[in-house]
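Below: one structure, written as structure tokens.
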Amino acid sequence: MANIKQVNVIERIQQLYRLGASQRRIARELGVSRNTVARYAGKTPGAPVGGGSVSDHATHGVPAGPDGQNEPQATHGVAQFENHPFVPDATHGSETPTGAVPPAPEADARSLCAPHADFIRQELAMGLSGRRIFQDLQDDFAFSGSYASVKRYLRHLGRTAPPVPFRRLRKEPGMEMQVDYGTGAPVYDDRGRLRKTWLLCCTLSYSRR
């Protein structure tokens with residue numbers, strides 16, 4: 039069963055989390071590990087606390103009372119955090135202390151690739167590589183991000199392009215043509231001599247004709 043000290047720290051974690059503090063900041067203010075914050079931040083206040091001990095991760099001790107039990111008291115840095123005036127955070131609908139750094143948004147919301155999520159998924163479905171998707175973003179949307187940002191976003195989606203024996207060339211009409219050449223069947227010329235033939239095949243990238 040969690041003792042008074044544990045319950046006090048857990049309640050502080052949940053209180054700061056409801057006020058909009060990031061898990062990183064809560065860990066820094068309360069002197070506990072980020073794993074501890076992640077474990078208790080989303081729990082309903084007053085819910086039973088399962089195994090594990092908050093005190094195992096705490097770096098700031100809580101003095102014991104005269105009866106030998108740990109007295110609940112404000113943990114280091116919490117009072118200053120709570121005394122800040124709060125303003126709504128338009129991005130997350132939560133509240134954040136004035137002058138404080140707001141909680142970091144989700145990874146895909148920060149990415150320059152996020153506005154093009156549907157386009158990127160379509161490209162992945164066609165088996166295009168990350169490099170090709172990056173090039174298409176530059177060509178079609180004047181994408182200002184880097185290739186590294188595209189790779190990070192693909193990892194965030196948890197998908198990579200499967201290996202395929204071909205890559206579709208995607209260009210505007212009249213911009214690019216694919217050329218293949220080789221030898222054909224021998225034929226007789228007008229003098230009756232057997233001659234070797236050469237073939238040239240051109241395919242427009244847009245119409246595939």
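For the sequence shown, the working numbering gives the first residue as 39, with consecutive numbering after it.
Every residue gets a Cβ at the ideal spot worked out from N, C-alpha and C, and that includes glycine.
Check, Outcome
"Taking C-beta to C-beta, are Y185 and C151 nearer than 8 Å?", "no"
"Please work out which residues of its chain come closer than 7 Å, Cβ to Cβ, to V75, disregarding the five sequence neighbours upstream and downstream, and give them in chain order.", "I51, Q61, I64 and A65"
"Using the three-state DSSP reduction, which class does D228 fall into: helix, strand or coil?", "coil"
"Identify whether R246 lies in helix, strand or coil by the three-state DSSP scheme.", "coil"
"Would you give the residue range spanned by the alpha helix (DSSP H) that V268 belongs to?", "With the chain running from 39 to 247 in the structure shown, residue 268 is simply not present."
"Could you tell me the alpha carbon to alpha carbon distance between L175 and L195, rounded to whole angstroms?", "17 Å"
"Below 7 Å CB to CB, which residues in the same chain sit around T235 once its five sequence neighbours on both sides are set aside?", "T221, G222, A223, P224 and V225"
"Considering Cα atoms alone, identify which of G58, F181, I48 and F179 is closest to V70.", "I48"
"Spatial neighbours of G80 within its chain, please: C-beta separation below 8 Å, excluding the five flanking residues on both sides.", "Y55"
"By the DSSP assignment, the alpha helix (DSSP H) with G212 in it spans what residues?", "Unbroken run through G212: none, as it is neither H nor E."
"Going by C-alpha to C-alpha distance, which of C240, E210 and P153 sits closest to F181?", "P153"
"When you compare only the Cα positions, how much space is there between M213 and A163?", "24 Å"
"For the putative contact between S243 and Q216, defined by C-beta atoms under 8 Å, what is the C-beta separation to the nearest angstrom?", "6 Å"
"L238 by DSSP, collapsed to three states: which one?", "strand"
"Assuming K189 contacts G165 (C-beta within less than 8 Å), just tell me the rounded distance between them.", "No, K189 and G165 are not in contact; Cβ-Cβ is about 17 Å, not under 8 Å."
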